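Under the UniProt record's numbering, read the sequence shown as residues 1 to 459, first letter to last.
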Amino acid sequence: MTSLTIINPATGEPVDHVPNHSVEQCLDAVASAHDAFHTWRATAPRVRGEILRRAYEIMVAEQDRLAALMVRENGKVLSDARAEIVYAAEFFRWFSEEAVRIDGDMRRAPNGTNWLAVTREPVGVALCITPWNFPAAMATRKIGPALAAGCTVVLKAASETPLSAYAVAEILERAGLPRGVLHVVTPDPPAQAVQAMLATGVVRKLSFTGSTRVGALLLAQAAEKIVNCSMELGGNAPFIVCEDADVDAAVDGAMLAKMRNGGAACTAANRFYVHSRVHDEFVDKFTARMASLTLGNGLEPTTTLGPLVSAAQQQRVASLVERAVSQGAHLACGGTMSAPPMHGYAATVLTGVQHTDDIVQEEIFGPVAPIISIDDIEGSLGLFNGVAHGLVSYLFTRDAGRGMRLSHALESGMVGLNRGLVSDPAAPFGGVKASGLGREGAHEGLLAFCETKYISTEW
Ligand code: NAD
Numbered sequence: 001m002t003s004l005t006i007i008n009p010a011t012g013e014p015v016d017h018v019p020n021h022s023v024e025q026c027l028d029a030v031a032s033a034h035d036a037f038h039t040w041r042a043t044a045p046r047v048r049g050e051i052l053r054r055a056y057e058i059m060v061a062e063q064d065r066l067a068a069l070m071v072r073e074n075g076k077v078l079s080d081a082r083a084e085i086v087y088a089a090e091f092f093r094w095f096s097e098e099a100v101r102i103d104g105d106m107r108r109a110p111n112g113t114n115w116l117a118v119t120r121e122p123v124g125v126a127l128c129i130t131p132w133n134f135p136a137a138m139a140t141r142k143i144g145p146a147l148a149a150g151c152t153v154v155l156k157a158a159s160e161t162p163l164s165a166y167a168v169a170e171i172l173e174r175a176g177l178p179r180g181v182l183h184v185v186t187p188d189p190p191a192q193a194v195q196a197m198l199a200t201g202v203v204r205k206l207s208f209t210g211s212t213r214v215g216a217l218l219l220a221q222a223a224e225k226i227v228n229c230s231m232e233l234g235g236n237a238p239f240i241v242c243e244d245a246d247v248d249a250a251v252d253g254a255m256l257a258k259m260r261n262g263g264a265a266c267t268a269a270n271r272f273y274v275h276s277r278v279h280d281e282f283v284d285k286f287t288a289r290m291a292s293l294t295l296g297n298g299l300e301p302t303t304t305l306g307p308l309v310s311a312a313q314q315q316r317v318a319s320l321v322e323r324a325v326s327q328g329a330h331l332a333c334g335g336t337m338s339a340p341p342m343h344g345y346a347a348t349v350l351t352g353v354q355h356t357d358d359i360v361q362e363e364i365f366g367p368v369a370p371i372i373s374i375d376d377i378e379g380s381l382g383l384f385n386g387v388a389h390g391l392v393s394y395l396f397t398r399d400a401g402r403g404m405r406l407s408h409a410l411e412s413g414m415v416g417l418n419r420g421l422v423s424d425p426a427a428p429f430g431g432v433k434a435s436g437l438g439r440e441g442a443h444e445g446l447l448a449f450c451e452t453k454y455i456s457t458e459w
């Protein structure tokens, strides 16, 4: 078996090796998960919940080790990595509690002759595919509900950052998860193995988090066997500051919404629309905060912004900024790359941006904030909604009624109303339009791994 070398994006040095699984090995994992399904689905919900609860406790107890591992494979700063480990563990805690709340109901047939029993059954073998930007949380957000529902799992972790996924699997094993219930595979390149796994007909659920391009490709492949799909895809979040907003709160929210994970988040604020009456104050305060960030190795205590995950990603961000400047934008701060081997890009603010600029239309996935000045918030809904994606929107206003009216009108699965952070294991996370299908987290996240069964009864 060949292996994959995992590289530290801050130093260019190898961190570790993982197996580069062949197509046959991936198919063996699916077959083993299928064998395990029959016993796992029959396990008492309380037993499944307690394994998840123990895994939560181990992750929290070992957060320092897990966070340091994540920094080495992903590059994010240590405080972001620690926050992600706790967030990731919380999915195990939440779904340990959901495991014992898989309900059904009994309905009377309208003609009164009999009863309709409605139950929830685990879908079956779930193929879960995760990206590199949240290497632990995207894995636990899928594994947690899948195991709680009684599904078995094959997790295809991102080739750039598989170490956190392997660490989570090892913790679940220590927490008592029976062998065969969860497999981590890392075929690279992944396309052939994923297609082969979907083609078996044994995989009954595909839960994917990643780019819209790959999501669309996998939906087409899953259609062949009518596989149940959940898709958490790309974002292009507007960050809207009304003229009546608390500007300091908006700046705090902007730092969170833009800079969590160094901007490499699907929920990252991608385009800022600021009312002209508060534009200059917002730009001055936000630029000062952005310019104060220190780019460096995420393990150094003085670092507040880590590198991007790869040289390719660094080049992509740099070229988006160059194009915006050539299209007339002004650099309020940043715009520089760090020297190799670090793939860093400085925290950057661009003003004078146009809605039609590439940097507004594309997902940046880096620490760059393009700002557009507007004169009429309600009249600009067409701009806020005028992109292909619809994951999350951020909105700052002191008027609660206005905030709720605008929230309803925004075409996104989630809205941060006077908040720069929406992620919460207890909340239904997901997008509309090109941002995906289905929800993760909350009770909805559990139902995504269940089929509804109806039994027509007579007695
Ligand atoms: P990606 O689509 O390139 O890769 C995601 C996963 O799919 C990886 O495991 C990758 O190895 C695998 N993959 C890639 N090509 C494949 C193919 N042809 N067949 C099968 N599998 C394949 O995305 P990425 O660059 O790793 O992650 C960034 C993207 O993920 C961004 O667009 C971001 O917005 C999105 N994302 C979305 C959410 C969400 O919840 N909506 C969360 C995090 C990231």
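Quick reminder that beta carbons are idealized off the backbone N, C-alpha and C, glycines included.
These numbers were taken from a predicted model, which means no experiment stands behind them.
Strand pairing of residue i, partner residues [DSSP]
i           : result
I371        : F272
H389        : K433
residue 460 : An answer regarding residue 460 cannot be provided, because it is not within the stretch 1 to 459 covered by the chain.
K453        : T119
K156        : I129 and V185
G416        : Y394
F92         : Paired residue(s): none; F92 is not in a bridge.
F239        : F272 and Y394
T5          : H17
H330        : T351
M106        : A117
L78         : DSSP output for L78 lists no bridge partner at all.
9 angstroms Cβ cutoff met for residue i and residue j
i           : j    : result
D376        : D244 : no
D358        : L383 : no
N114        : T457 : yes
L198        : L147 : no
A157        : P135 : yes
G12         : P341 : yes
residue 513 : L421 : For residue 513 there is no data in the structure shown, the boundaries of the chain being 1 and 459.
G306        : V77  : yes
S407        : C266 : no
I7          : P45  : no
G335        : V325 : yes
E440        : N236 : no
L447        : D188 : no
V247        : V278 : yes
V203        : V30  : yes
H275        : C229 : no
G180        : A339 : no
F449        : P145 : yes
Y87         : S423 : yes
H21         : T200 : no
I240        : E62  : no
A346        : L295 : yes
A318        : P370 : no
T304        : N297 : no
Residue closest to residue i, alpha-carbon to alpha-carbon, out of the options
i           : options                  : result
E232        : V392, Q315 and S164      : V392
A312        : A88, L155 and F365       : F365
L331        : C229, I372 and T119      : I372
P14         : E440, T452 and E160      : E160
S164        : V202, L127, G180 and M59 : M59
R174        : M414, R316, T351 and Y56 : Y56
M414        : V214, A269 and V349      : A269
V349        : I7, T287 and H21         : T287
residue 460 : G328, F272 and V325      : Only positions 1 to 459 of the chain appear in the structure, and residue 460 is not among them; the question remains open.
Y454        : A81, A61, M1 and A109    : A109
M290        : E121, V368, V202 and V86 : V368
residue 498 : L446, L4 and N261        : This structure does not reach residue 498, given that the chain is present from 1 up to 459, and the question cannot be answered.
H389        : M404, G379, A33 and E411 : E411
G104        : R120, F91 and R65        : R120
A216        : G234, G403 and R204      : G234
D16         : Y166, A442 and A427      : Y166
E281        : T351, W459 and P131      : T351
Q327        : H355, H21, G176 and F91  : H355
A427        : K433, H443 and D284      : H443
V23         : T2, W132, S79 and E451   : T2
E90         : V168, R107 and G112      : V168
The stretch 191-203 / the stretch 66-81 touching (three or more Cβ pairs under 8 angstroms)
no
Does the stretch 215-227 come close enough to the stretch 251-269 that 3 or more CB-CB pairs lie under 8 angstroms?
no
Is it a yes or a no for the stretch 23-37 touching the stretch 146-164, going by three-plus beta-carbon pairs under 8 angstroms?
They touch, by the three-pair rule.
Does the count of Cβ pairs from the stretch 85-101 and the stretch 43-51 closer than 8 angstroms reach three?
yes
I want to know whether the stretch 120-136 touches the stretch 205-220 - three or more CB-CB distances under 8 angstroms.
yes
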